[in-house]
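Reviewing the structure listed below.
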Amino acid sequence: MSECIYTVSLSDTGESYPCSDEQNLLRAMEALGRKGIPVGCRGGGCGVCKIRVGEGRIRALKMSRAHVTAEEEAEGVVLACRAFPLSDLRLAVIGKMRKNLCRIQSAPGAGHKQT
Amino acid sequence: MACNDVLRPGHVQLRVLDMDDAHKHYTKRLGLIETGRDAQGRVYLKAWDEYDWFSVVLREADEPGMDFMAFKVRDTDALDRLEKAVREFGCNVERIPAGELEHCGERVRFDSPTGHTFELYAEKDFHGNAVGTTNPDCFCDEVKGMGAHRFDHCLLYGDDLDGTVKLFREALGFDLTEQVMDGDLMIGAFLTCSNKAHDLAIIRHAEKGKLHHASFYLESWDEVLRAADLISKYDISIDIGPTRHGITRGKTIYFFDPSGNRNEVFAGGSTWYPDQPTITWTTDQLGKAIFYHDRQLNERFLEVVT
Ligand code: FES
Ligand SMILES: [Fe+2]
Numbered sequence: 001m002s003e004c005i006y007t008v009s010l011s012d013t014g015e016s017y018p019c020s021d022e023q024n025l026l027r028a029m030e031a032l033g034r035k036g037i038p039v040g041c042r043g044g045g046c047g048v049c050k051i052r053v054g055e056g057r058i059r060a061l062k063m064s065r066a067h068v069t070a071e072e073e074a075e076g077v078v079l080a081c082r083a084f085p086l087s088d089l090r091l092a093v094i095g096k097m098r099k100n101l102c103r104i105q106s107a108p109g110a111g112h113k114q115t
Numbered sequence: 001m002a003c004n005d006v007l008r009p010g011h012v013q014l015r016v017l018d019m020d021d022a023h024k025h026y027t028k029r030l031g032l033i034e035t036g037r038d039a040q041g042r043v044y045l046k047a048w049d050e051y052d053w054f055s056v057v058l059r060e061a062d063e064p065g066m067d068f069m070a071f072k073v074r075d076t077d078a079l080d081r082l083e084k085a086v087r088e089f090g091c092n093v094e095r096i097p098a099g100e101l102e103h104c105g106e107r108v109r110f111d112s113p114t115g116h117t118f119e120l121y122a123e124k125d126f127h128g129n130a131v132g133t134t135n136p137d138c139f140c141d142e143v144k145g146m147g148a149h150r151f152d153h154c155l156l157y158g159d160d161l162d163g164t165v166k167l168f169r170e171a172l173g174f175d176l177t178e179q180v181m182d183g184d185l186m187i188g189a190f191l192t193c194s195n196k197a198h199d200l201a202i203i204r205h206a207e208k209g210k211l212h213h214a215s216f217y218l219e220s221w222d223e224v225l226r227a228a229d230l231i232s233k234y235d236i237s238i239d240i241g242p243t244r245h246g247i248t249r250g251k252t253i254y255f256f257d258p259s260g261n262r263n264e265v266f267a268g269g270s271t272w273y274p275d276q277p278t279i280t281w282t283t284d285q286l287g288k289a290i291f292y293h294d295r296q297l298n299e300r301f302l303e304v305v306t
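Here it is, written out as C-alpha cells:
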C-alpha cells in the first residue's frame, strides 16, 4: 500500500497544506513551516493543538482525556498531533496557548483573559 | 538548612498514555534502567548512578502528568517529625504502607497549596549503581541513549505559589535559592533541601497540580549536546535548547516524552550554601533569566504543561 496525500484546510485562516495519511496533522503543518495550529508537546498531552474536524474523516491515536472527552472525540474534536487524515479535511482550531503568566507577557493594560 | 531532615528528591511517578512508547523513551533514549514492574503494571526505573531501587515510576493512564514527587528523608524519626510538621501546616496527610511501591518503605503522602501530591519516605531497598562503591570506575559505558546520571528535580506549575513555598520552607526546611518577582508578587520559586541550585521549582499558574518538567542530571555540556544529537536522530519532540539558564546557571535541553510530559537533561548549575542570599530575577529581565543566550521568552516553554 502506498501513502495517500490529502489536503488539510484551516477554516479560520484559509491556510491549507498537504498531509500524508502516515503523518499527523500537526507534524505535517510544522514540517512545511506552516502555521495555524499551536504547537506544544506533540504527544497528545498538553491540549494546545486541539481542533474540530468540520469536514472529512480522521484516525486518532490515544490522547489526554484531560483535553478531549469521549463525547468531544465522538463529535470530531481531537488533538492535531494525534490525528491522521483519511480524506481531505477542513479544520477549526480550538486550542490555544494559555498565557497564564499574563502579568509578564502582556503590555500594561492589555488585559489578557485567563482560561 | 544544608543538613536537613529531607535529603533529596527520591522518585517521581509519571502518567503516560502508552507504556510501550514511554518505556522505550525512558530506557533507550533517556538511558534509565528498568528495575521492576508491579501487579498494577507500573514500571520502575533508575539511572545508572543512583543507588536506590528506583527513581522514576511510569503508570499508564488516560491523561499524562505527574501523580506525585517524593523526597527521601534521613530516617524514620525524621519521617515522623516531618509528618507532624506537614499535618500542623494544614496539609491532608496519609500514610502509604511499605511495599505499595515495591522496594519502598512507608511513605507519608501530603497535598500542597498548588494542588500537587508529594511524598516523604525514609527507606528504599539498595540496588547499587552501575560501578559499585569500591574503587569504582568514573562512568558506565553500558548505558543507553543520553545516559542520564540521576533524577534531579521537578518544575511544577500551580496557583497558590506562596502557600507551597511556605510549606517547603517552614515545614520541610527547604531554602529559597532563587526567586522571580513581578513587583512584589512572586511568580517563580527555586527551592533546595541540599547543596544544589534547586531540588524543586514552582511557577505560579492558573491551574492546580501541573507538571512543567522532570529533570535528569548529565555531567557536561558535551553530554547535553549529545542529548541534542539523539533528539534529532530519533525524532524526539524538542522543546528548546541546547541553551543555558540564567536562573540556576544550568546548561540544558528540553524535550517531550511520547505522552507530552516535558523532560530536561542538564549539566552544571550553581552551588547553594545555606548562608547565601536568595537571588532575585525581575520580570523585565525574564528572557535572560530563563534563556541566558537567546534572552527571549518562549511561549511554548512558558505555557505548555501536563
Ligand atoms: S501539541 Fe500537545 S497535545 Fe498536541
Ligand atoms: Fe529544570
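Top to bottom, those sequences are chains L and G.
At position 69 of the first sequence (counting the first as 1) the number is 69 in this note's numbering, and the numbers step up by one without a gap.
At position 264 of the second sequence (counting the first as 1) the number is 264 in this note's numbering, and the numbers step up by one without a gap.
A virtual CB, placed ideally from N, CA and C, is assigned to each residue, including glycine.
Query	Result
Assigned exposure category for threonine 283 of chain G - 16 Cβ within 10 Å defines buried	buried
Whether leucine 161 of chain G touches isoleucine 202 of chain G by CB criterion (7 Å)	yes
Coarse secondary structure for histidine 23 of chain G, derived from DSSP in three states	helix
Check: leucine 155 of chain G C-beta below 6 Å from any heavy atom of ligand 2	yes
Opposing strand residues paired with isoleucine 291 of chain G [DSSP bridges]	Checking the sequence, you will find phenylalanine at residue 291 of chain G rather than isoleucine. Beta-bridge pairing links phenylalanine 291 of chain G to no other residue.
Residue-level contact to chain G via CB, arginine 59 of chain L, 7 Å cutoff	no
Contact test: glutamate 264 of chain G Cβ vs ligand 2 heavy atom, cutoff 6 Å	yes
Alpha helix (DSSP H) segment containing lysine 281 of chain G, residue limits	The displayed chain sequence assigns tryptophan, not lysine, to residue 281 of chain G. Looking at the DSSP string, tryptophan 281 of chain G is not in any alpha helix (DSSP H); the run it does join, the beta strand (DSSP E), is 279–282.
Complete alpha helix (DSSP H) runs within the stretch 24–65 of chain L (minimum length 4 residues, chain order)	25–31
Between the CA atoms of isoleucine 33 of chain G and threonine 27 of chain G - distance to the nearest angstrom	6 Å
Interface residues of chain G facing arginine 65 of chain L [CB-CB closer than 9 Å]	Ala61, Asp62, Glu63
Cross-strand partners of arginine 107 of chain G (DSSP beta bridge)	G/Ile96, G/Tyr121
Member of G/Gly65, G/Tyr121, G/Gly99, G/Gly115 whose CA lies at the smallest distance from the CA of arginine 79 of chain G	Going by the sequence as given, residue 79 of chain G is leucine instead of arginine. Ranking the options by Cα distance to leucine 79 of chain G, first place goes to G/Tyr121.
Nearest candidate by alpha-carbon position, reference serine 20 of chain L, set L/Leu89, L/Cys49, L/Val93, L/Gly44	L/Leu89
Residues within the stretch 247–279 of chain G neighbouring chain L, beta-carbon criterion of under 8 Å	Phe256, Asp257, Pro258, Ser259, Gly260, Asn261, Arg262
Cβ-based burial, proline 108 of chain L [other Cβ within 10 Å; buried from 16]	With a pLDDT of 36 at proline 108 of chain L, under the threshold of 50, the predicted position of this residue should be treated as unreliable, though the coordinate-derived value follows. Its Cβ having fewer than 16 others within 10 Å, proline 108 of chain L is exposed.
CA nearest to the CA of cysteine 81 of chain L, picked from L/Glu72, L/Ser64, L/Gly14, L/Thr69	L/Ser64
Endpoints, alpha helix (DSSP H) assigned at alanine 227 of chain G	221–233
Spatial neighbours of glutamine 296 of chain G in its chain, beta-carbon cut-off 7 Å, leaving aside the 5 residues before and after	Gly287
Outcome for tyrosine 157 of chain G when other beta-carbon atoms lying within 10 angstroms are tallied against a minimum of 16	buried
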